[in-house]
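Protein chains: 4
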Amino acid sequence: MAEEFGWWRWLIQWESPYRADMLAVKEHVYSGKTKYQKVDILITYTYGKCLVLDGKIQSSECDEWIYHEALVHPAMLTHDDPKRVAIIGGGEGATLREVLRHNVEQVVMVDLDEELVNLCRKYLPEWNKGAFDDPRVRLLFMDGRKFLEETDEEFDVIILDLTDPVPGTPSVFLYTKEFYSAVEKRLSDGGLMVTQATSTFYSLDVFATIYNTIASVFPIARGYHAYVPSFEAMWGFVIASRDKDPCVLDEAAFKERLSSIKGELRFYNWEIHRAMFALPPYVLKKIKEARIATDDNPVCLPI
Amino acid sequence: MAEEFGWWRWLIQWESPYRADMLAVKEHVYSGKTKYQKVDILITYTYGKCLVLDGKIQSSECDEWIYHEALVHPAMLTHDDPKRVAIIGGGEGATLREVLRHNVEQVVMVDLDEELVNLCRKYLPEWNKGAFDDPRVRLLFMDGRKFLEETDEEFDVIILDLTDPVPGTPSVFLYTKEFYSAVEKRLSDGGLMVTQATSTFYSLDVFATIYNTIASVFPIARGYHAYVPSFEAMWGFVIASRDKDPCVLDEAAFKERLSSIKGELRFYNWEIHRAMFALPPYVLKKIKEARIATDDNPVCLPI
Amino acid sequence: MAEEFGWWRWLIQWESPYRADMLAVKEHVYSGKTKYQKVDILITYTYGKCLVLDGKIQSSECDEWIYHEALVHPAMLTHDDPKRVAIIGGGEGATLREVLRHNVEQVVMVDLDEELVNLCRKYLPEWNKGAFDDPRVRLLFMDGRKFLEETDEEFDVIILDLTDPVPGTPSVFLYTKEFYSAVEKRLSDGGLMVTQATSTFYSLDVFATIYNTIASVFPIARGYHAYVPSFEAMWGFVIASRDKDPCVLDEAAFKERLSSIKGELRFYNWEIHRAMFALPPYVLKKIKEARIATDDNPVCLPI
Amino acid sequence: MAEEFGWWRWLIQWESPYRADMLAVKEHVYSGKTKYQKVDILITYTYGKCLVLDGKIQSSECDEWIYHEALVHPAMLTHDDPKRVAIIGGGEGATLREVLRHNVEQVVMVDLDEELVNLCRKYLPEWNKGAFDDPRVRLLFMDGRKFLEETDEEFDVIILDLTDPVPGTPSVFLYTKEFYSAVEKRLSDGGLMVTQATSTFYSLDVFATIYNTIASVFPIARGYHAYVPSFEAMWGFVIASRDKDPCVLDEAAFKERLSSIKGELRFYNWEIHRAMFALPPYVLKKIKEARIATDDNPVCLPI
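Top line first, the protein sequences correspond to chains S, Y, R and G. Under our numbering, think of the first position of the first sequence as 26, with each following residue one higher. Under our numbering, think of the first position of the second sequence as 26, with each following residue one higher. Under our numbering, think of the first position of the third sequence as 26, with each following residue one higher. Under our numbering, think of the first position of the fourth sequence as 26, with each following residue one higher.
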């Protein structure tokens, strides 16, 4: 059978019982199970090397920089001068890598799954690029919510780089009003939080609920989104603060801060910053109708 | 077998031999073949009713308004007062529908495939909403390129709502320098053309080549893109003119023209207009490297 | 996209959540819903025209003669001279067609689903070949079990051409001890019954249970199987009688009766008759372990 | 996502551009490439552990004994007392295992692919069950055709356990008249050869051509077939000899030889032996129409 037809190893990502994406697998690097999740590291023809958790691509070599630049830089640049940063989740180390491109003093990364982080260090060096060895980094393996609820530390930016709120997984309680209140308490003056917030199309209800939940805790909350090909979706984020607004920025000052980021940006710039916050009417309409998620009544993906 | 698992009728859209999207089909409305293409009209669980040509979704009930608002309104609103409009392609009648929301005097729609247009009139009334019966409309069934090359008419806006340049199909010659020169000759002073231009990610080379080809003919050429879920991609467009620039607009005047559009806009507004033209660095970089397509050396999708 | 790659309309037959067969659909003839089931009539590249009920191929143009010859002729030829035949189910009319090739006097066919039978008459003439118009045929639309329980008629051969015992469907009660007792009461002296009995590999437990259930009612019960490609399986049947054994036949007499069948046989002959009853040790072993199905505790397919 | 739905790692076996079997993969044991072929060892939910070469299941834990019993025992038992056996191919070691259950003196196994045999020894101990360490075995890594053409040895049984004649692979020249003549020269008096011969349904032309080619070399040639679930097909074989006929056997003597096979048989017995040689009319008809394969005009699978 010809190379160009009939490939036999496939990753099928089920988005619902009625929709799936089929990706041919070129090489199979690793498959295993940590205490918390099933882990596959696969090289696909379409997206290159992929980290797959419980059957869903978390990030791909081919576009992880879109997701990670979009997650990290808007909050980091809206702050005047972030020095202390917390990352909740972020196993691959790519969020950490992006944070370290800024002139920060301390970053604490709190991930539940030590085995996963070790797999990422071993198999995904293109993602973390040595970030775990940076002396500014403190790595903790524990429940991120517990960490924020119990610590006395304050942070300039808190980044929530989490798996989706899939029913029955611990992530569900990292998208509730109670959790965002705990986050808010740990922000310094001028501080911001940002979270991934699922797709603004396929799970628009979930995005809208996450947005509303955050807006019920913070005076300033802004939704934005970016197209991430390997997620096969426009991907949502929410940034929030007591006092800083990513949509009200001085262009000259922003661009100066932007130019201080080390290395090349492949996705993000001033125009993209502004464009990401432009949500179309059908998204804005849904936000108006959505509810607030609480520990008693959390928000979950439909599957 | 439970309703929620194991659906048996599927549309599998192959994007390459290594990637496909699987969509469960709820109802099968029509399947047939015109002189030019295979036509399926299917109701999918994910996107509702879909028009599928030669195995590719052309538009879906669920998001056709994103594509059609993004194709039509930026060019129509950049023009001060478009009265005469030509649509090349546009079988579903939804591009026509969007054009007719403006205060136009005459619209000529030129589609190669009369059978297809008749199928759309019969099966897709949600798309065309009676547009074909509007007295301002003239409908021609012929080769769009031939029409533009032979007519003496001038148009304020020419909209190219075409199938992709798939190798071996007539569409290939509607993406070349010679064709765009023919388009340019038929624009009135202050006139604009706009074309769909394939995905800015999966076929970025093709998009970049289309952009460069248009930029070799027109003094002003602007690429933009919008996320269209059922295309499973960020979708590209190029707008071009001798004298009008969609990125240099007076906000107040634009918004006034915007408010004169009849009915509700679900995707497009002033913020979205500006956001769509923000192309990320990885797209801009590819545009610099791309070539120009000619009748002798046209641009085609890889499959 | 080339004809030979990338076909977009597929029938996916899920055999379990872990296994499915994908068949490209060349033409879509009919899709609809009767009072009892979902009906698709599709032309597949691999098997030609197919009748699909609730997502499962019931029979295909390309191999329906294997199934129907294997179902009908062993029982009909084991009987010395069958005159009165009952078919329970058999919507397509192909079982009827095969029965009418014998020198019978009366055939009653009892199918629950009148709409389905009408669709088969309209769309599957290759299957029934005018059988429904034969003056020897009486067609009843009612529950087959009720018919057998209430009628006073006796039959020489009763053929159970049923859908699989899928949980929640009425077929489940056509595979129980109580039902087979009702069948037994309606057989004349020297009479035989035969039923389809699902796959002897993928649902071997179910086959073995059906066999044992029948063997608990009839002194003589014989399992056999034949390979039916479009079922992607070796397909099981059980024949039963008070007094006739399909494995103890006079070869010369059998061959004479065989030669009296009208028209050409494509699958069945004397050697195949004997071969079908040779069940491998792994099937025989499972039969020893299986239970008996009753109305209170019926046997169902695992999905 | 529930365990029972939405599994993400799949083996898709393409049988043609229009048909494929999807099998969910439970565990991924090994993936790599030898000098000759791509090798995957996967644990599927449906068939357990599978050896997959170039995307096609060669044998599965769940049914390899059907294929290997059907390949080996008919020829071994038709011979009165086979002492010297040659196996061409047979990488997994399961054909060897079955041969060693007979009272043989010497077995030479000739496989082209040393790396594959080593992988099978390491990963498929359930297949070979120590057979490679039996002192009666001589293992050669070389072209099987070259071996037979150059050796002076004679064999009582020669078993051709080959990959399918896929265009462009070396196997193609192990299904030609010239090759079978070389085989014939190496058989002792009373000796037999047997070969796998692809599906008697999906590639019936190929089976029929292999049969006819063998029948053009040997006075006695008999086709037979057995259902192998993981091949999703009825699988064909051809046995041939100058003087021994597997269809003309003394039942008592056969059964005595059968009882001398060490260990339990799960698929094969006297009834199955006879049943396998019963080919239905549609197969016999195709054999009459088929041609003879030669080195100049070999027979290949359609894909």
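For every residue, glycine included, the Cβ atom is placed at its ideal position computed from N, Cα and C.
According to DSSP, is Met26 of chain R part of a helix, a strand, or is it coil? Confidence at Met26 of chain R is low in this model, with a pLDDT of 34, below 50, so the placement of that residue should be treated as unreliable; the coordinate-derived value is given next. In this structure, Met26 of chain R counts as coil in the three-state DSSP scheme.
So, does the CB of Glu86 of chain S fall closer than 8 angstroms to a CB anywhere in chain Y? no
Exposed or buried, what is Pro160 of chain S when buried is set at 16 or more other beta-carbons lying within 10 Å of its beta-carbon? exposed
Have a look at the DSSP bridge pairing and note the partners of Ala49 of chain S. S:Trp35
Where Glu276 of chain S meets chain Y, residues with beta-carbon distance less than 7 angstroms: In chain order: nothing, as chain Y lies at least about 14 angstroms away.
Residues of chain R with CB under 7 angstroms from Ile297 of chain G, in chain order? Ala303, Pro305
Under 7 angstroms, CB to CB, which of the residues in the stretch 57-80 of chain G have a partner in chain R? Tyr70, Thr71
Which stretch, first to last residue, makes up the alpha helix (DSSP H) that contains His250 of chain Y? Counting along the chain, His250 of chain Y falls outside any alpha helix (DSSP H), though it belongs to the beta strand (DSSP E) covering 245-253.
Which listed residue (S:Ala49, S:Glu94, S:Glu40) has its alpha carbon closest to that of Gln221 of chain S: S:Glu94
If you reduce the DSSP assignment to three classes, tell me which class Ser284 of chain G lands in. helix
Is the number of C-beta pairs between the stretch 202-221 of chain R and the stretch 98-108 of chain R that are closer than 8 angstroms three or more? yes
Could you tell me the alpha carbon to alpha carbon distance between Thr319 of chain Y and Glu203 of chain Y, rounded to whole angstroms? 6 angstroms
Going along chain Y, which residues have a C-beta under 7 angstroms from His53 of chain R? His53, Ser56
Cutoff 7 angstroms; reference Val324 of chain S; Cβ partners in own chain excluding five residues on either side: Pro190, Tyr200, Val231, Thr234, Ile235, Ala318
Taking the beta carbon of Asn294 of chain S as the centre, do at least 16 other beta carbons fall within 10 Å, making it buried, or is it exposed? buried
If you compare alpha carbons, which of R:Gly57, R:Cys145, R:Phe226 is closest to Leu309 of chain R? R:Phe226
When burial is assigned at 16 or more other CB atoms within 10 Å of the CB, is Glu117 of chain R buried or exposed? buried
So which residues on chain S does Gln38 of chain G lean against when the C-beta distance must stay under 7 angstroms? Trp33
Which of the residues in the stretch 176-198 of chain S, read from start to end, lie with their CB under 9 angstroms from any CB of chain Y? none
contact_flag[the stretch 207-217 of chain R, the stretch 261-281 of chain R] where n(CB pairs < 8 angstroms) is 3 or more: yes
Report the residue from Y:Phe166, Y:Ala303, Y:Arg247, Y:Tyr307 whose alpha carbon sits nearest the alpha carbon of Ser228 of chain Y. Y:Tyr307
Amino acids of chain G, ordered along the chain, whose beta-carbon sits closer than 7 angstroms to that of Pro254 of chain R: Phe226
What are the residues in the stretch 230-262 of chain S lying within 9 angstroms of chain Y by C-beta distance? His250, Ala251, Tyr252, Pro254, Glu257, Ala258, Met259
By the 10 Å Cβ neighbour count, where 16 or more other Cβ atoms means buried, how is Lys287 of chain S classified, buried or exposed? exposed
Give the interface partners of Ala49 of chain R over in chain G, defined as CB-CB distance under 8 angstroms, in chain order. Pro42, Tyr43, Arg44
When DSSP labels each residue in this structure, what does Val208 of chain S get in the three-state scheme? helix
Helix, strand or coil for Cys325 of chain S per DSSP? coil
Distance CB(Ala251 of chain R)-CB(Arg299 of chain G) smaller than 8 angstroms: no
Just checking: is the beta-carbon of Arg291 of chain S within a distance shorter than 8 angstroms of some beta-carbon in chain Y? yes
Since Ala315 of chain Y meets chain S, which of its residues come closer than 8 angstroms, beta carbon to beta carbon? Those do not exist, as Ala315 of chain Y stays about 18 angstroms from chain S at its closest Cβ, beyond 8 angstroms.
Where does the unbroken beta strand (DSSP E) through Ile68 of chain R begin, and where does it stop? 63-69
If you follow the beta strand (DSSP E) that Met134 of chain S is in, where does it begin and where does it stop? 131-136
Just to check my reading of the structure: Gly57 of chain Y and Val64 of chain Y have Cβ atoms closer than 8 angstroms, yes? What is that Cβ distance to the nearest angstrom? 5 angstroms
Delimiting residues of the alpha helix (DSSP H) encompassing Met101 of chain Y: 89-103
At 7 angstroms on the CB atoms, spell out the chain Y contacts of Asn294 of chain S, in chain order. Pro306
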